[in-house]
Amino acid sequence: MKRSQVFAALCAISFLAWPGLTQATISVTINSNGGWCFSPAAGVGELAFGSVIRVGQFDLSNAGNYALLQTSNDFSTLDTLFTPLAEGLPGAGIVSQFGAPGDQIIINDQFQPGHVFGQITGIDANYFAMGSSLFVWVFNSSTPSSASEWGIFTASSGWDVPADLGSTTLSTFEPVVVVRGDTTGDRFNLSPVPEPNSLMLVSLGALVLMRRARRIFSIV
Numbered sequence: 040m041k042r043s044q045v046f047a048a049l050c051a052i053s054f055l056a057w058p059g060l061t062q063a064t065i066s067v068t069i070n071s072n073g074g075w076c077f078s079p080a081a082g083v084g085e086l087a088f089g090s091v092i093r094v095g096q097f098d099l100s101n102a103g104n105y106a107l108l109q110t111s112n113d114f115s116t117l118d119t120l121f122t123p124l125a126e127g128l129p130g131a132g133i134v135s136q137f138g139a140p141g142d143q144i145i146i147n148d149q150f151q152p153g154h155v156f157g158q159i160t161g162i163d164a165n166y167f168a169m170g171s172s173l174f175v176w177v178f179n180s181s182t183p184s185s186a187s188e189w190g191i192f193t194a195s196s197g198w199d200v201p202a203d204l205g206s207t208t209l210s211t212f213e214p215v216v217v218v219r220g221d222t223t224g225d226r227f228n229l230s231p232v233p234e235p236n237s238l239m240l241v242s243l244g245a246l247v248l249m250r251r252a253r254r255i256f257s258i259v
């Protein structure tokens, strides 16, 4: 093999081995500018700066999983169904958000309170199936696992995984579908998440009342 051919072959190998050149990537932007903001469960005021928004997909291969998204108050249960973007995961991209370093998108009040604008770039194009729907899981805390309120939102169209080298914007002026939470005026409200201890106290209280009722009826 001639020296020029060897050089050309080595250049080709180096080009293919260079990070980022062998894998097509995509990007996702979440933007509420011009759309509705995010609000606490009471529907009054806006979510505080730093409240976390996770972007990704839920496993809905089981029909019962959608009902869990709507009703379960256990973070761990829903977290096992969720595959997030960014958050330091391989191939899941990195967060780019003005004034908000870290691995998660947050409410950053860039436009006005309760609003968000941020990007996740460098996502492997095969991380999610092209055309599949994306979800946002919004919390009233900087720590999702200990949040007392959360909301889950997607869209009937427009929040889809783009093709190779493409991008998509999750805008709140799209036809947003409320999976968990509700709406008031021009805002998306989160849903209360009772603490396990509170649920236990309610259950114990109900049990005590049932026992008292049985005693009363047995006396009568």
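For the sequence shown, our numbering gives the first residue as 40, with consecutive numbering after it. In this text, a Cβ means the ideal position worked out from N, Cα and C, and glycines have one as well. Bear in mind that the values here come from a model prediction, so they are computed numbers and not experimental data.
Alpha-carbon to alpha-carbon, Leu86 and Ser111:
22 angstroms
Using alpha carbons as the reference points, say which of Ser187, Ala102, Gly205, Ala186 lies closest to Asn165.
Gly205
As assigned by DSSP and simplified to three states, the class of Asp118:
helix
In this structure, how does DSSP classify Gln158 when only helix, strand and coil are distinguished?
In this structure, DSSP gives Gln158 an extended state, which the three-state scheme calls strand.
Rounding to the nearest angstrom, what Cα-Cα distance links Gly127 and Val134 in this structure?
9 angstroms
What residues in its chain sit with their C-beta under 8 angstroms from that of Ala81, if we drop five residues either side in the sequence?
Asn228
With DSSP run on the structure shown, which of helix, strand or coil describes Leu86?
coil
DSSP beta-bridge partners for Gln96?
Thr122
Closest to Pro214 by C-alpha separation, out of Ser230, Ser195, Gly224, Ala202, would be which residue?
Ser195
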